[in-house]
Structure formats: structure tokens, C-alpha cells
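Residue numbers (my numbering), protein chains in the order written: chain A, 1 to 318; chain X, 1001 to 1240; chain W, 2001 to 2300.
Below is one structure, written out as C-alpha cells; the observations come after it.
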Amino acid sequence: MQYYDKGWFGVLATVLVVGFILVMIQRAKRHEGNLFIRRIAGLNAIDEAIGRATEMGRPVVMVPGIGGLDAIAVQAINIFAKVCQTAARFATPIKLCCADPAVYAVAQETIRDVYQREGVIERFETDSVQFVSDRQFAFAAGVAGIIQREKVAAAFFLGAFFAESLIFAESANAMGAIQIAGSTQTTQTPFFVAACDYVLIGDEYYAASAYLTREPILIGSLLGQDYSKIFFAALITLGFITVSCERSFTKATGEFKEGKWVALEKERTKGPGDTFMSMWFNPQSIPEAESKVERPQREKNWWEEGGGDAAPAAGGGE
Amino acid sequence: MYEKIKLLIGAVATIGLYSVLYRENKFYRFVEHMFLGLAAGYTLVAVWKETLKVQWWDRMVGTAGDAGSPGTPGFWAFMFLLPIGMMGYMVFNKKHNWMSRIPIGIILGFWSGQQVQIFWSKWGGQLFNSMKPLIPTGGAFVPSTDGLTPEQMAEVGRTVYVSQAVNNIIFTVTILSVLSYFFFSFELKNKFMLGMNKTGRWLLMIGLGAIFGSTVMARFALEIDRMSFIFVELVKALRT
Amino acid sequence: MNLLALQWSFRPEDSTKWTYLIVAAIIGFAFMFALSRVPTRMRRVVVGTFTFLSGLFYVLLYIWPQPIDKKPLDIPQGPVESVGFLLQDMVPVVKDFTSILTAFLLGLGVYSLLRVHIGRVARRQRDWQYSGLLLLCMATMLTIGYWDFFMQSANKAVDYSDRANWTTAQYGFDLLFDGMLQQMDAAMFSIIAFFILSAAYRAFRIRSIEATIMLGTALILMLSLMGIASYFTDWLFVQKLAGGNANAFVGNFTLAEISNWIKNNFQVPSLRAMEFGIGIGALAMGLRIWLSLERGGVSA
């Protein structure tokens, strides 16, 4: 029986990265210790920002991006939970504006929980975590309005932001608020860098929860991520060394055509596709002859009669 | 007449939203709340029209066929999604609020599984493309390809010229140093790594600046488009 | 696939259809009720199981051998292929679960909106008039939107793309959606141009090396995209030096060439390195969520 070649190297690399992360988490769980994390300025500024809002008696605004519910939004809410912990202690008013109902549900639950754990549930107002709009620019207009009307003193924009990022950052700036921002959208990072006081760049965003809580699991995971990055760097290094050598000192004598190795009539210079790295990274397509498989046929369902359009798949439901 | 009213309303709304540039004011607040209301109303229409009816209801109850097509069957198991969705509403219930985590867990679970699934297809190709040859195998510059046969052109494509090798070295240094900037859990003590880290940050700033510069012009194009809407289209429409 | 010989589907005109659906709903809600009785210490396990199973689908989809040349009527050969077939068949169904569930949760968002704004109107708080306006606009859009939708789905024979067939519902919807909502979107989108200017101005005033590097690069890219600026600088520096020779070496130093060079040799690798980190970070967080390893915050 034949199956599609998904590329052994890809599966191996994925397993390795997953392995690094899980093994490091396990190890960190066993040895609780003070592991090193390099300084992340944006996160050190959180207390400063809340302190200022408390002094001025003005609210802290938080926006977890405009994406749907995924790890990016969850991470934003994790950081906001930390912010709210401090805000709850000092009775600083908060405003958390969501653009996705599922994110709203998570935020509502998490933030209420924070107030509960701090023992000041009476300070939590249900409406301080609110859903504004799930339409990108309506959300932008709404949040810009809230920022300016409430005269916020500190603003946290963390999550998946797109073009509207600057509307938030500049509205908060107009109010003289301290802005701490971070986006996993690399295309928005430069705008945050230009407009905000502190910015979490790249995966500083994912390092944030480990940095703030110093929890062994998170630190272990961070260590695993670092090993994965070293693995990537090592691959690139190995790649440029072998690719350079191969293309300078060896000649191509054949090439893959439809999954079969065919010898060339004349030797030629190696191109990017002739290196052995290329064979690791690009699984070969199957030869035409092997791509057809005849199997016994089942009877047609009534909805498959006639038109022959792709039928809706059966199954489903949790 | 209808077109004129429509244009006029659009222009007034635009000006209302623009007024926030001066500062938040009553006019802005008026348009902003209208915007939020309309958006919420529209979402409630679209959620049925575009999502629930197509992806859920029609597949659950089936659609009757018309001439030529036999219709589609209904799969009753889709009904199980409804109670799962409804568990989300438990978030306001003090005793059972934990149940809202079930639909959320499912959504997050799917997302997480997908990260494993797409990991290599997303990054493998980019890694491979980052392995550049640094040793030149040809002359100083890429020659002009005018009048070459396809074979000769392919040969030019395979050769690494000195200028390309230099660019490839820049590329490799940039990618490795920026990558090293994002190592969090190692205390960088040796001079080489510290230098690499700092270089990484500066090179990253060049990259970010390049995005900034190329996006600015796209944003101005939008701005010009909007201005022409107010000053050209509207005036034209009102005159006729 | 005849699991338990159960009838999984029915014809849309079947009279038993509603019985099936109602029974399914009752089973579903009974399951929900049963879950609400789960003892406290088991709650984490329940949520974790749901999360794990959902994630497992895509993980299996990746690691399970994918059968070659699967056609709609094929019968799988052997257990490995059966699972492979099942996974492939489930993809079109499962991929919509997230959007269906999110759609169900939309009510929560609307509840939040209504809570905030009805509360403001009822208590006559500051800006309550605007909240009233919001509610009014929402109700109008909702009414006209569904009026238009039901009219269009009831009269499939009528061509509503032709304005001659429009009634009040279509005019109303067009005015609200095309005339207002879309225009407001465009207005907010275009307002960003002003904010870019003010942000860049402030960043230029911070005299740090980093800000200067970033905005200096931005400036080169911007000029290269501005027709007049690049024409002028290229004429001044490049064409004069080249002296009319189209293949001259200085020809590589036009603004467009320089900005392309910056993009290919600085922007691409630095962003790629950054995204490698983000991708690995997302995978790590995905794993922690999938295996319920996150503590505190969201999955306390």
C-alpha cells in the first residue's frame, strides 16, 4: 500500500521541536529553580504604567487584538490577568475591549477570577470587560472613542493587530497615556515601535507569561523554544555550509523527474534544487504511474446520483 | 436622488469620523455610536446568512433539490454543536461558569492541533530558502541575459556571482543575528554573542523600517481615495 | 460508513427529520446537564479532554499516512487506510466547527453590548443619548437586514442585482450597508495616514540610534515609492554619472534598486528570523494548551 510522502525530514523536525519543548517543560517541572530570562523592557514597565494610572485615578485600557480565539488572544489575556492583579490591589479602574465574542467570554471569566483570587470581587464591574464590535474599523472607532472619553492613563495593546494598530496607539498618545504594545503580526510591529513607549517585539510576546509569572512550566517551555531556535539556526548554518560547498565543488550528474532519478547527458553546475538539502526539504512527487490507485467502489448515495458534485462528507458532531 | 442622499450621508459620516483628529467631540461620538450600532446589527444578520445557515443549518436539515440536482442530505449529528455552543453562555452563571471553557477548549484545541499540523509546511520552505551559497562560482556581476539560449539562461541562474555571494553573506548574517536576538534563556556573556545580539537588533530595525516605508505609501493611497470621494464624487453628484 | 448501523443522514423531505433533530437536541442538552453535575475536581479533566480530542484531530491528520488518489466512492483497504479515509472525509466538516461555535458565542458579545448600552440608557448615565442611538441603529440594521434576506431567499426567481426590482428593503439595506457602514470603514481605514505622520514625527524626535535606523530606512523606501522623488534623485545622481549608458554600474544605485536590495537582504531575513521565533512560540503555546499544561490565567 502506498501513501503520500510527507517528507521524513519535516516530520522529524516537527517531532524534534515538539520534543525540545515537552522535555524542557518536564525538566523544569522537576527542578524548580531560578532560571535566567533576559530583560524585556516592555514587561518591566507594566507596574510603572499601572502606578501612574492609579496616581491619576484614570483607567487602564487593554485590547487583546482583533483576531479570533487562539493562543495569541489567550496570551494577551494571560498578560492582562497579571495587569489586572495589580490593578485590583490598587483599585485602579480597568477597561478591556474585545473584538471577538469567544475572546470576550475568556476575558470575562479570567478577569473575574483574578478579582476573586485577590479577594476584591466587589471591585470587579462586569462591564469593565466589554465586547465592542467584531467589525475591524467599527472596533477601532469604538476603542478610540473609549480611550479618549475615559482619558486613559495607561494602554496595553497586545495580540493580533492589523491596520488599526496606529489608531489605538495614537489615540492613547493623544491622552498622554503610557502605551505598552506587542503584536505577533510582524507587519504591524514597526508602527507600534514608532508610536508606543514600550513594544514587545516578535516572540518576546510569547515569552511574556514566563517572564511575568516565573512558572517552571512556562520557563521550561521557553527554554525548549530557545533550543528549537538554535536548531533552526544550526540548520541554516549547516545549510549554507553544505550548499556553498556542494555548489562550488561538485557538479550535478542527474536530477529527479517525477520522482525518478534521471542521469544527465552532460554534467552541469548545481542549482538550488540539486543540493542534498533540497532533497531533505522537498519531498519528491510520486511518479505518474504510482499516483493512480484502483479500489473497489461502494454504491452511490442518493445525493450523489446525477450531478456528481462532491457530496457533503458524512460524520461529524462531537 | 437616492444616489445623492447615499453619497451625502457617506461624506458626512466620513467627516464625522475624521473630526477625531482634532479631538474627541460630539459629532464623532454620534457617528461612532451609529457605526457601532450598524456593525452590530450587520453582524447579527451576517452570522446567520453567511455562517450558521450555510455551515450549520443547511447541513443539518439538508436542502431540497431542484431540477437537475438531487439536493443535499441532512446530518442530524450537527445538532450536537448547539448545546456545546450554549455552554459558552454559562460564563455568567456563578456556579457553572467553568462549563463555558468547554466550547472555548474545543476552539483552542483545534487551533493548537493545527499548529502542529502546519508547522513544517509553514517554516520548512522558508528555512530551505534561507540556506544561501556564500562561495562565488562565477564572475563579479550577474551578466545581462539578452540574447541567451534557455540553457545558457538556466546556467546563469545556477551560477553564484560575487555580488550575489556578498548579498547572501549579508542575508545570512542578518537572519542568524536576528534569530540570536530572540534567545531568552541564555545569559550572553561572551563578546561575540553580545555583539551578535546588538547587531541583530539594529538589523531588525532596518527590516522594520522597510515595512514602515512601504506601508506608508499604501495608506496615503487610501487617504487620497477618500479625499477624492468627498471632494470630487460628492461635488460632482451634487452639481448634477 | 455504517457505524452501529445507525442512520446518520436523512432526506430533507423525510417526515422523520424533525424527530431525529429533536431527539438529538434532547440528548445534547441532557449531556450538557450531566456535565453540569461533574464534581469540581473532574472539571479540569473534562475541559482538558475536549481540548485534547479537538487538537488530536489535526495532529492525526498530520502524522497518519495519507492515502493516495482517494476518490469519493472508493472503499478503503485495510485499517490504516480506513482511518486515513475517515480523517480526510472529516476535514470539510471539522474545519467549520470553529466558526460555527464562534457564531453561537456571538450572542455573548451582543449581550455585553446590550448590557452596557441599555444600562446606560436606563440609568441616564453620561452619554446615554448616544447609547440610545447605537441601539436604534442596531435594531434598524437587524430588521432591514433580515427583511431583505428573507425577501431575497423567498423570491429566488427575482434578479435583485437589477435595481429595477428593488423594494424598500433592498434600498434600505443598500443605504445602511453600502452607503454608511462601508463608507465608515473606508473613512477609518484612511484616517491611519494622518496617524502614521504623527507617529513618524514623534519617533524622529527621539534621537536614539534605533529610531534613526528604522526611520532612515523607512524614508528611503518611501522616497523610492514616490514617483517624483525617485525620478528627481535618480536623474540627479544616477543618470548624470551613467552618462547615458544603460548598462552602467551606477545604474544599480537608483532608489528603486536600493530599496529592493534593502528589502531582499535586510527585510526578508530579519522578518523571517522574527517569524521563526513567533512560529515556534505559537507551537509551544499550542502544545501547552492542547495538553492542558498552562496554569494560571486562562486554564486555571
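Virtual Cβ for every residue (Gly too), placed ideally from N, Cα, C.
Check	Outcome
Can you give me the start and stop residues for the alpha helix (DSSP H) that W:Phe2204 sits inside?	Gln2182 to Arg2205
Is the Cβ of A:Glu109 closer than 7 angstroms to any Cβ of chain X?	yes
How long is the line joining the alpha carbons of X:Arg1023 and X:Val1012, rounded to whole angstroms?	17 angstroms
So A:Pro101 and W:Thr2102 are in contact, right, with Cβ under 8 angstroms, and what is the actual spacing, rounded?	7 angstroms
Taking 7 angstroms as the threshold (beta carbon to beta carbon), is A:Pro93 in contact with chain W?	no
Return the chain-ordered list of same chain residues with a C-beta closer than 7 angstroms to the C-beta of A:Glu41, the five sequence neighbours on each side being excluded.	Residue 41 of chain A is actually Ala in this sequence, not Glu. Excluding positions up to five away in sequence, the list reads Tyr198.
Consider the Cβ of W:Val2250: report whether some Cβ of chain X lies at a distance smaller than 7 angstroms.	no
Is there contact here, the stretch 159 to 169 of chain A with the stretch 1050 to 1069 of chain X, by at least three beta-carbon pairs under 8 angstroms?	no
Kindly say whether X:Glu1233, judged by its beta-carbon, lies nearer than 7 angstroms to any beta-carbon of chain W.	no
Using the beta-carbon count (16 or more within 10 Å), is A:Glu305 buried or exposed?	exposed
Give the residues from the stretch 1001 to 1034 of chain X that approach chain A closer than 9 angstroms (Cβ to any Cβ), ordered along the chain.	Leu1017, Val1020, Arg1023, Glu1024, Tyr1028, Arg1029, Val1031, Glu1032 and His1033
Below 9 angstroms on C-beta distance, what does W:Thr2140 contact in chain X?	Gly1037, Leu1038 and Gly1041
Any contact between the stretch 55 to 74 of chain A and the stretch 252 to 260 of chain A? By contact I mean 3 or more CB pairs, one from each, below 8 angstroms.	no
Since A:Val36 and X:Ser1185 should fall inside the 8 angstroms C-beta cutoff, what is the C-beta to C-beta distance between them, to a whole number of angstroms?	The sequence as given places Phe at residue 36 of chain A; Val does not occur at that position. Right, their Cβ atoms sit about 6 angstroms apart.
Who are the Cβ neighbours of A:Met321 in its own chain at under 6 angstroms, not counting the five residues just before and after it?	The structure shown does not extend to residue 321 of chain A, since chain A spans only 1 to 318, so no value can be given for it.
Report the rounded CA-to-CA distance for W:Glu2294 versus X:Ala1218, giving the unit in angstroms.	40 angstroms
Which residues, in order along the stretch 1143 to 1161 of chain X, keep a beta-carbon less than 7 angstroms from a beta-carbon of chain A?	Glu1155, Gly1157, Arg1158, Thr1159 and Val1160
Can A:Ser244 and X:Pro1133 be called in contact, C-beta distance under 7 angstroms?	yes
Going by other Cβ atoms of all chains shown within 10 Å of its Cβ, with 16 needed for buried, is X:Tyr1002 buried or exposed?	exposed
So that I know if they touch, is there some Cβ in chain D lying closer than 7 angstroms to that of W:Glu2013?	Although the question refers to chain D, the structure presented lacks it and instead comprises the protein chains A, X and W.
Among X:Val1116, X:Gly1113, X:Gln1114 and X:Pro1083, whose alpha-carbon lies nearest the alpha-carbon of X:Arg1100?	First, the amino acid is wrong: residue 1100 of chain X is Ser here, not Arg. It is X:Pro1083 whose Cα lies nearest to the Cα of X:Ser1100.
Mind checking whether W:Ser2224 and X:Ile1106 have CB atoms under 7 angstroms apart?	no
Answer yes or no: does any C-beta atom of chain A fall closer than 7 angstroms to that of X:Leu1134?	yes
Distance cutoff 7 angstroms, beta carbons only. Does X:Thr997 sit that close to anything in chain W?	As shown, chain X starts at 1001 and ends at 1240. That puts residue 997 of chain X outside it, with no answer to give.
Please report how far the alpha carbon of W:Thr2016 lies from the alpha carbon of W:Ile2022, in whole angstroms.	10 angstroms
Counting along the chain, where does the beta strand (DSSP E) carrying A:Leu158 start and finish?	Ala154 to Ala160
Whole-angstrom Cβ separation of X:His1033 and W:Ser2131, contact assumed at under 8 angstroms?	7 angstroms
By the DSSP assignment, the beta strand (DSSP E) with A:Cys97 in it spans what residues?	Ile94 to Cys98
If we define contact as Cβ-Cβ less than 7 angstroms, is W:Leu2073 a contact residue for chain X?	no
Mind checking which residues open and close the alpha helix (DSSP H) that includes W:Ala2030?	Lys2017 to Ser2036
Going by C-alpha distance, which of X:Phe1035, X:Ile1015, X:Tyr1018 and X:Lys1026 is nearest W:Ala2139?	X:Phe1035
Counting C-beta neighbours from all protein chains within 10 Å, is the total for A:Asn78 16 or more, i.e. buried, or is it exposed?	buried
Do A:Tyr104 and W:Leu2108 come within 7 angstroms of each other at the CB atom, strictly closer than that value?	yes
Quick one: which chain X residues come within Cβ less than 8 angstroms of W:Asn2265?	Asn1167, Ile1170, Phe1171 and Thr1174
Check for me: the beta strand (DSSP E) holding A:Trp261 runs from which residue to which?	Lys260 to Thr269
Let's test the definition: count the other Cβ atoms within 10 Å of the Cβ of A:Ala250 and tell me whether it reaches 16, buried, or not, exposed.	The amino acid at residue 250 of chain A is misidentified as Ala; the sequence shows Thr. Answer is exposed; the Cβ neighbour count stays below 16.
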